[in-house]
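A.B. asks: Below is one structure. I have some questions about it.
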Amino acid sequence: MVAPPFGELVGRLTEAFGQQMGAMRPVPEGYLLQTTDGFLYAFLEDPTKVSLNAIQRLQGEVRGPLSRLVVFSPGRLPLALTAEVARHGATVVDGARFKELVVGLDLGSYLGEEPRAATTPTEARQLPSARQLDEIITRARTWLDWGVPAVALRFFRQALDLKPEFAPAKNGVGRALMVLGLVEDAKRLFVEVLATSPDNLEARLGLAAVAGASGDPAEEVRIYRKLLEEDPERPEVRAHLIAAFVESGRWPEVEPELVEMLRRTPEDPRLRFLHGVALEKAGRVPEGEEERKRARALGLSYDAERSLCDHLGLPRPERPREATAMVVGPPPPPAPGPSARTGSPRRPAAPPRPKTRRKARPRRRSRAAKANAK
């Protein structure tokens, strides 16, 4: 039986997602929300009471790819169940991430958080609907940057409901769908944007990414080349082009593009490291090693270099040895010189002994003093 406070929280989350309460139904572990775009949101109150059979039952209720399943829980889902969910591309938002979501929607009181103080803007420059739209888009982009596209998608969809032809919201939906592996769905959104805004950069980049994900790298590169022909001063486009070349192993074409980017940002350590790798791939190993050293001098940490090597399929670098402090003692005594009398080396003089004060002996009393004492 689900506790009433958790049911209230799920209801408020459903409203915040722009969904109807009627679409929610209870199950022994919590509540399920089936959305019109085919996603299944499972809200589980106590993850320790969730079995593998329950997770498999949830997967059976998803319409389409299992990446459309999103599991929410205020507690931490057991690792075995998390692995089972992630293995099929589904999303888990539990523990601290669930709390971030609830607090970000001003629902933290349901988790024992203090209510936020009401803030009134000193000057309202936008209509309330415009401010609401901006808040939703910002929230969606934040979750996409955090690597949780399923939650970002919900907020991008909500923004699209408020303003159906809003290009940033449509592009956001497309980007989130791309990360979730729903390529064809993403393509439809980018095409819709370009139908009304043929020069929309984000939508054109989205179509290039769709081409790459669909196994057509030549079309992906063609789109990037076309964009750079129109405006060479587009570093984000060149970065996508370099990533496409690296992904397909076209290293001879990577090096000149990196030189162009380094001309604008010569102090970027990651670009320097990547340039070093490109030089090594071209057989210019000494130059490549120098570029790697320069990248480290510009601030590339060992962990960042290891992450880049893992991504590129390169051997991991050796961990740098920590410098050990040398203990410096007093200088050694000078070597003894020869004796003037014998010519043999003089023995070193013994160190002076510390002077000790002799204890005073008690004075002996005379017989008369002893008699007086009695």
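To convert, take the position in the sequence shown, counting from 1, and add 115; that gives this note's numbering. From the three backbone atoms N, C-alpha and C, an ideal C-beta is built for every residue, glycine too.
(1) Applying the criterion that 16 or more other CB atoms from any shown protein chain within 10 Å of the CB defines a buried residue, is residue 417 buried or exposed?
(2) With DSSP as the reference, label residue 381 as helix, strand or coil.
(3) According to the Cβ coordinates, are residue 128 and residue 263 closer than 9 Å?
(4) Is the shortest distance between the beta-carbon of residue 145 and the beta-carbons of chain D less than 9 Å?
(5) At the level of alpha carbons, what is the spacing between residue 287 and residue 166?
(6) Per DSSP, what kind of secondary structure is residue 492 in: helix, strand or coil?
(7) Which residue wins for smallest C-alpha separation from residue 254, given the options 175, 348, 131 and 293?
(8) Just to confirm, are residue 210 and residue 227 a CB contact at a threshold of 9 Å?
(9) Please classify residue 184: does DSSP put it in a helix, a strand, or coil?
(10) Helix or strand or just coil, what does DSSP make of residue 119?
(11) What does residue 139 pair with, by DSSP beta-bridge criteria?
(12) Using 9 Å as the threshold, is the C-beta distance between residue 265 and residue 182 below it?
(13) List the endpoints of the continuous beta strand (DSSP E) containing residue 155.
(14) Determine the direct distance from the alpha carbon of residue 297 to that of residue 383, and round the result to whole angstroms.
(15) Measure the Cβ-Cβ separation of residue 389 and residue 423 and say whether it is below 9 Å.
(16) Less than 9 Å between the C-beta atoms of residue 147 and residue 176, yes or no?
(17) Can you list, in chain order, the residues of its chain with a C-beta nearer than 6 Å to that of residue 199? Leave out the 5 residues immediately preceding and following it.
(18) According to DSSP, simplified to helix, strand and coil, what is residue 451?
(19) Residue 163: buried (16+ other C-beta within 10 angstroms of its C-beta) or exposed?
(20) Taking the alpha carbon of residue 364 as the reference point, which residue from 339, 343, 332 and 376 has its own alpha carbon closest?
(21) Across which residues does DSSP place residue 221 in a beta bridge pair?
(22) So if DSSP puts residue 197 in a beta bridge, which residue, or which two residues, is it bridged to?
(23) Hey, how far is the Cα of residue 321 from the Cα of residue 433?
(24) Tell me which same chain residues have a C-beta within less than 6 Å of the C-beta of residue 429, skipping the five on either side of it?
(25) In chain order, which continuous runs of the alpha helix (DSSP H) of length 4 or greater are located wholly inside the stretch 377-437?
(26) Run the CB neighbour count on residue 311, radius 10 Å, all protein chains shown included, and call it buried at 16 or more, exposed below.
(27) Near residue 442, which residues of its chain fall below 7 Å by C-beta distance, leaving aside the five closest residues on each side in sequence?
(28) Can you round the beta-carbon distance between residue 204 and residue 180 to whole angstroms, since I take them to be within the 8 Å contact cut?
(29) Could you tell me how far apart the beta carbons of residue 385 and residue 427 are, in whole angstroms, since I believe they sit closer than 8 Å?
(30) Rank 149, 154, 121 and 155 by C-alpha distance to the C-alpha of residue 161 and give the top, closest one.
(31) Tell me, which residues are paired with residue 206 by DSSP?
(32) Per DSSP, what kind of secondary structure is residue 260 in: helix, strand or coil?
(33) Quick one: grab the DSSP three-state call for residue 365.
(34) Output the boundary residues of the alpha helix (DSSP H) element that contains residue 311.
C.D. replies: This is what the structure holds:
(1) exposed
(2) Three-state result, residue 381: coil.
(3) Taking C-beta atoms as the reference points, residue 128 and residue 263 fail to come closer than 9 Å.
(4) The structure shown contains no chain D; it is built from a single protein chain.
(5) 34 Å
(6) Coverage of the chain is limited to positions 116 through 489, which leaves residue 492 absent and any answer about it impossible.
(7) 131
(8) no
(9) strand
(10) helix
(11) 148
(12) Contact: yes.
(13) Unbroken beta strand (DSSP E) run through residue 155: 155-159.
(14) Pairing residue 383 with residue 297, the inter-Cα distance amounts to about 33 Å.
(15) yes
(16) yes
(17) Within the same chain, residue 199 has close Cβ partners 170.
(18) Legend: pLDDT at residue 451 = 48, less than 50; position of this residue unreliable, value from coordinates given subsequently. It is coil, neither helix nor strand.
(19) Result: exposed.
(20) 332
(21) Answer is none; residue 221 lacks a bridge partner.
(22) Per DSSP, none; premise fails for residue 197.
(23) 38 Å
(24) none
(25) 384-396, 400-412 and 417-427
(26) Residue 311 is exposed by the Cβ-count criterion.
(27) Below a pLDDT of 50, predicted positions are generally treated as unreliable, and residue 442, at 46, falls in that range; no measurement from the model is reported.
(28) 7 Å
(29) Actually they are not in contact, since the Cβ atoms of residue 385 and residue 427 sit about 12 Å apart, beyond 8 Å.
(30) 121
(31) 185
(32) Looking at residue 260 - three-state DSSP - the assignment turns out to be helix.
(33) coil
(34) Unbroken alpha helix (DSSP H) run through residue 311: 298-311.
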